[in-house]
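Going by my numbering, the first residue of the sequence shown is number 28, and it counts up by one from there.
Glycine residues also receive a C-beta, built at the ideal position from the N, C-alpha and C atoms.
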Amino acid sequence: MFYDHQSIEKKWQNFWKENQTYKTENATEKPKFYVLDMFPYPSGAGLHVGHPLGYIASDIYARYKRHQGFNVLHPIGYDSFGLPAEQYAIQTGQHPAITTEENITRYEEQLRKIGFSFDWSREVRTSDPSYYRWTQWIFLQLFNSWYNKTTDKAEPIGELISRFETQGTSGLSAVQNDALNFTAEEWKNASELDKQDILLNYRLAYRAETTVNWCPALGTVLANDEVKDGKSERGGYPVFQKKMMQWSMRISAYSERLLQGLEKLDWPQPLKDSQEYWIGKSQGALVDFEVLTPSSDSESTEQNENVQVRVFTTRPDTIFGATFLVLAPENPLVKNLTTEAQTEEIQKYIEETSKKTERDRMADVKNVSGAFTGSYATNPFTQEKMPVYISDYVLMGYGTGAVMAVPAHDERDHRFAKKFGLPIVNVIENTIDIQEASYDSKDSVCVNSDFLNGLNYEDAKSLIIAEIEKKNIGEGTINYRQRDAIFSRQRYWGEPVPIYYKDGMPYALPISALPLELPEVEKYLPTEDGDPPLGNAKNFAWDEKNQKVVSTGLIDDETVFPLELSTMPGWAGSSWYFLRYMDPENNAVFAAKNLTDYWEQVDLYIGGSEHATGHLLYSRFWTMFLKDRGFISHEEPFKKLINQGMILGMSAFVKRVEGTNQFVSKSLSKDYQVQKIHVDVSLLKGTTDELDLEKFKAWRPEFSEAEFILEEGKYICEREVEKMSKSKYNVVNPDDICEEYGADCLRLYEMFLGPLEQSKPWNTQGLSGVYGFLKKFYNLYFKEDEFLISEEEPTKEEYKILHTLIKKVVNDIDNFSFNTSVSQFMIAVNELQKTKTNKRKILEPLAIILSPYAPHVAEELWSKLGHDETIEFAPFPTFDEKYLVEDEIAYPVSFNGKMRFKLNLAADLGVTEIQQAVLADARTQEYLQGNNPKKVIIVPKKIINIVL
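Written out as structure tokens, the structure is:
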């Protein structure tokens with residue numbers, strides 16, 4: 028029977044859409060299971076065959092769980108705010124909403140064509156006002172919350188205000204920017220402006236001056252993962268470090284909980300390691316170094332009682348070897364410590380550092396640089412004078428932005444000391460050694476001080492911290508590398524921040540004003556004054572009296588005030604979207620509590636490892652916050668997470684003879700000086716490596732007059748496996764695959780390529796083998812052109828084939844080993860084809876087993892088998908061990924170790940019975956020739972060996 032995949036797949040895709048087959052009910056007695064993919068950003072390029080890999084895997088699992096009787100939530104949506112749409116708007120003038128809508132339409136067409144079982148009725152889009160209304164609402168909850176270290180959770184800011192009114196800061200333990208101390212009376216007497224300024228010190232969403240990645244060409248702040256090698260990932264523009272007033276999220280308050288929570292998660296260990304490193308917990312001490320300021324008329328120095336440099340160190344026991352201090356160039360103390368003579372050098376160095384991202388500075392471990400401030404400090408234990416430098420290897424965001432340099436025991440400090448001719452004191456030996464240093468003293472014994480003499484690392488560390496606290500020059504503490512997350516972006520296409528400004532102080536818009544919608548603007552670039560693009564809006568001011576958005580021309584700073592002009596970052600909407608899927612139509616709350624309690628965590632989340640310290644960390648933070656405030660009941664968003672690998676493209680290259688317009692075929696190119704040029708894989712003939720010369724000449728104008736040096740009349744391209752990318756012209760469109768081979772073939776082939784977590788190369792030629800398997804499977808149900816199913820009882824062999832498959836597939840799906848399941852399908856179909864099986868009791872469960880992988884053909888055959896309902900909810904076949912128990916064993920019978928024939932015997936025979944049976948066999952008697960055997964060796968169910 029002809030397997031018409033095109034008509035079959037269109038038929039069932041229409042059926043699923045019309046009948047809303049995959050629409051999930053919230054009220055059911057079935058156990059729940061929540062399967063989720065990291066939702067896509069809808070780019071104009073659409074999907075290539077690498078994109079659906081994770082979606083196919085999650086879809087197989089979702090369908091399997093439905094077969095098992097679970098109420099499965101498997102939604103889809105779009106992360107639809109983002110820089111690409113805005114850049115396109117700048118270039119073309121087309122509103123990003125139009126571009127985004129077109130791209131989403133394209134994505135949905137492609138996703139439906141591949142046959143995913145998404146509940147499309149729950150679709151969300153982060154750029155839809157009905158969605159970002161709740162993103163803004165969550166922001167306001169963060170703005171109106173503080174972190175109580177005593178209860179170890181976020182609490183309403185109103186409770187903090189009540190505390191201030193009754194007891195000031197007495198007994199307060201809170202996460203804050205600056206340590207503040209005031210009485211209840213002082214709070215009551217403070218002005219409204221001062222009160223708001225104080226509260227900003229505690230809010231979980233706050234505004235402060237922060238060093239950011241500033242890209243002038245894009246006119247916006249960029250996240251670390253949007254910057255590569257000092258340039259923007261989008262467009263490759265230079266990025267500089269710049270101090271700006273920015274909104275930040277106090278994720279640092281959750282550092283310890285985020286760290287401890289990793290232990291409960293079923294996530295890949297490398298991903299958990301990434302988050303643990305990013306959070307960067309370390310124990311040590313804060314130590315204050317008194318600064319000496321040079322006098323104006325000589326090189327002598329005197330104590331400056333007003334200036335201290337506070338450092339954080341994980342090795343306070345090495346303080347005896349600290350010979351200089353190093354500050355981050357951004358440290359505010361640099362201005363106070365820089366002498367007039369050093370000002371020019373310091374400014375020049377700061378400017379150079381601004382061109383590097385923090386990631387670049389961390390990565391460059393060998394090249395040290397710096398500048399001397401002209402100031403000195405005193406080592407509180409040795410009383411030695413220590414010069415104070417700045418260097419880009421010290422980061423403002425870690426610790427205090429200053430380090431005590433111990434060059435004998437730290438590689439970077441050692442390189443720095445060698446470069447600037449600074450002393451290197453070996454703590455262990457208490458000697459100065461300019462030439463050599465031992466970097467690792469973790470297990471060494473400190474002998475340079477009476478009270479540390481002979482102690483190991485841990486004991487020395489504890490004692491020196493106690494001494495630091497006794498001297499009142501610092502304290503033992505725990506530090507985290509993780510910094511608060513910069514939240515504002517100077518872009519247009521993002522969520523407006525629901526804040527207005529009165530007397531320069533931020534105030535929250537009322538909840539009734541949400542959503543604060545993006546205003547229309549004439550251009551998407553920053554204003555002439557350097558304000559973000561929202562500064563171009565004519566209708567974007569807040570009328571406090573009438574509680575509405577009005578014209579910016581009405582701003583009088585009395586009743587009408589300016590609104591925040593920055594927008595939220597891309598991660599805002601993606602930090603909670605998994606909750607909105609639970610209740611997407613609710614206009615009263617972001618999600619009803621009974622539904623978040625029902626669906627709880629995402630049971631299976633599939634997505635890329637590149638989001639380890641971005642989306643995945645922020646989602647955990649927001650989930651913990653929402654639990655603290657009682658809006659949800661679970662602490663972590665994603666129970667189990669799998670990072671899918673990458674499907675690599677098979678690039679094609681032509682080789683141009685240098686200095687000519689001649690192109691030489693692959694095997695002949697060794698005789699020429701050639702330049703390799705990527706060529707679009709669509710220009711190859713069929714599934715071969717042969718270039719279609721006419722198509723190539725028509726591809727780009729510069730190739731229209733190309734000449735070719737052929738081998739056997741053909742031009743053969745060189746092939747190479749690379750990342751699939753438009754720039755490499757190796758992208759394969761899934762629409763083309765679905766048209767030629769079908770969506771079921773695409774789904775099976777992507778799983779067949781290899782383990783889900785690994786990267787693997789795409790090879791279109793491999794599709795024909797999988798397509799051949801589908802045709803074989805389909806034709807099991809037909810005799811020539813007639814659908815023919817027998818009601819006969821299957822044979823034992825047929826049951827064995829089926830239950831071997833069930834056992835393998837169940838185990839593979841449970842372990843996400845989808846590639847080996849596809850292999851077992853092929854084996855089973857080949858075996859059933861040989862036995863000419865057409866029994867209902869075999870082929871009906873076979874269709875169910877295959878349906879998660881190839882749902883279209885399974886639905887078609889299920890319908891032909893006489894079922895009116897979809898196959899989707901049919902119970903998954905149950906494995907029965909009895910069908911794999913052998914009744915007979917085919918024993919190989921050997922004589923003096925050489926196998927001569929096989930003897931079929933009942934599997935339950937004992938050794939004596941086996942020996943009697945083999946000796947009675949006529950073939951045995953023929954080999955014995957009337958003699959008795961010297962020995963008969965029997966291994967039950969394995970072998971028989973007769974020694975003559």
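Asked: Could you please give me the residues that DSSP links to G676 through a beta bridge?; Found: E749
Asked: Beta-carbon within less than 6 Å of Y91's beta-carbon, same chain only, minus the 5 sequence neighbours each way: which residues are those?; Found: I840, P879
Asked: Can you name the start and end residues of the alpha helix (DSSP H) that C765 belongs to?; Found: 761 to 767
Asked: Could you name the residues of the same chain whose beta carbon sits closer than 6 Å to that of Y776, not counting the 5 residues immediately before and after it, in chain order?; Found: L794, V797
Asked: Between D344 and K488, is the Cβ-Cβ spacing less than 8 Å?; Found: yes
Asked: Could you tell me the distance, in whole angstroms, from the CA atom of W598 to the CA atom of Y645?; Found: 7 Å
Asked: When burial is assigned at 16 or more other CB atoms within 10 Å of the CB, is P861 buried or exposed?; Found: Residue identity differs from the one stated: residue 861 is Lys in this sequence, not Pro. So K861 ends up on the exposed side.
Asked: By the DSSP assignment, the alpha helix (DSSP H) with Y528 in it spans what residues?; Found: From DSSP, Y528 is part of no alpha helix (DSSP H) but of the beta strand (DSSP E) over 526 to 529.
Asked: Helix, strand or coil for F852, going by three-state DSSP, please let me know.; Found: helix
Asked: Which residues mark the beginning and the end of the beta strand (DSSP E) in which K236 is found?; Found: According to the sequence provided, residue 236 is Glu. The question's Lys does not apply to it. Run containing E236: 232 to 242, per the beta strand (DSSP E) assignment.
Asked: Using the DSSP secondary-structure output, state which residues sit across from D315 in a beta bridge.; Found: R337
Asked: Three or more C-beta pairs under 8 Å: does that hold for the segment 850 to 857 against the segment 885 to 894?; Found: no
Asked: Can you check whether the CB of L80 is closer than 8 Å to the CB of Q671?; Found: yes
Asked: Excluding the 5 residues flanking D570 on each side, which residues of the same chain have their C-beta closer than 8 Å to its C-beta?; Found: V576, V577, L581, T586, V587
Asked: Which two residues bound the contiguous alpha helix (DSSP H) that contains E182?; Found: Here E182 belongs to no alpha helix (DSSP H); instead the beta strand (DSSP E) covers 180 to 183.
Asked: Alpha carbon to alpha carbon, how far is A404 from S322? Give it in angstroms, no decimals.; Found: Note on S322: pLDDT 45, under 50, position unreliable in the model; the coordinate value appears next. Roughly 14 Å between the two C-alpha positions.
Asked: According to DSSP, what are the bridge partners of V681?; Found: I704
Asked: Ordered along the chain, which non-local residues of its own chain (more than five positions away) have a Cβ less than 8 Å from that of Y625?; Found: N53, K59, M609
Asked: Between L543 and L552, is the Cβ-Cβ spacing less than 8 Å?; Found: no
Asked: Residue ranges of each alpha helix (DSSP H) run of no fewer than 4 residues wholly in the segment 790 to 854, ordered along the chain?; Found: 794 to 806, 823 to 841
Asked: What is the residue span of the beta strand (DSSP E) that A404 lies within?; Found: 398 to 405
Asked: Which of the three DSSP states is assigned to E113 in this structure?; Found: helix
Asked: According to DSSP, F267 sits in a beta bridge with which residue or residues?; Found: W241
Asked: Looking at C-beta atoms only, is the number of pairs between the segment 134 to 145 and the segment 102 to 109 that lie closer than 8 Å three or more?; Found: yes
Asked: Fully enclosed by the segment 28 to 103, which beta strand (DSSP E) runs are 3 residues long or longer?; Found: 59 to 64, 98 to 100
Asked: With H, G and I counted as helix, E and B as strand and the rest as coil, what does DSSP make of T354?; Found: First, the residue type needs correcting, since residue 354 is Leu and not Thr in the sequence shown. Strand.
Asked: Could you tell me which residues DSSP pairs with R516 in its beta bridges?; Found: T594
Asked: Rounded to the nearest angstrom, how far is the Cβ of K195 from that of A211, given a contact under 8 Å?; Found: Residue identity check: residue 195 is Gly in the sequence provided, not Lys. About 5 Å separates the two Cβ atoms, so the contact holds.
Asked: Apply the 10 Å Cβ neighbour rule to V974 and answer buried if 16 or more other Cβ atoms are within range, or exposed otherwise.; Found: exposed
Asked: What residues in its chain sit with their C-beta under 7 Å from that of P611, if we drop five residues either side in the sequence?; Found: R149, V151
Asked: Could you tell me which uninterrupted alpha helix (DSSP H) segments, each at least 4 residues in length, are contained entirely in the segment 856 to 886, listed from first to last along the chain?; Found: 867 to 877
Asked: Report all residues from its chain with a CB closer than 6 Å to the CB of S465; omit the five preceding and five following residues, and keep chain order.; Found: Below a pLDDT of 50, predicted positions are generally treated as unreliable, and S465, at 43, falls in that range; the measurement from the model is reported next regardless. So no residue of the chain qualifies.
Asked: Are M673 and G311 close, meaning C-beta to C-beta below 8 Å?; Found: no
Asked: Based on the DSSP output, what are the partners of A933 in its beta bridges?; Found: E915
Asked: Which residue spans inside the segment 156 to 237 form an unbroken alpha helix (DSSP H) run of at least 4?; Found: 156 to 170, 184 to 194, 211 to 216, 219 to 227
Asked: Taking only the alpha-carbon atoms, compute the straight-line gap between V681 and L561 and give it to the nearest angstrom.; Found: 47 Å
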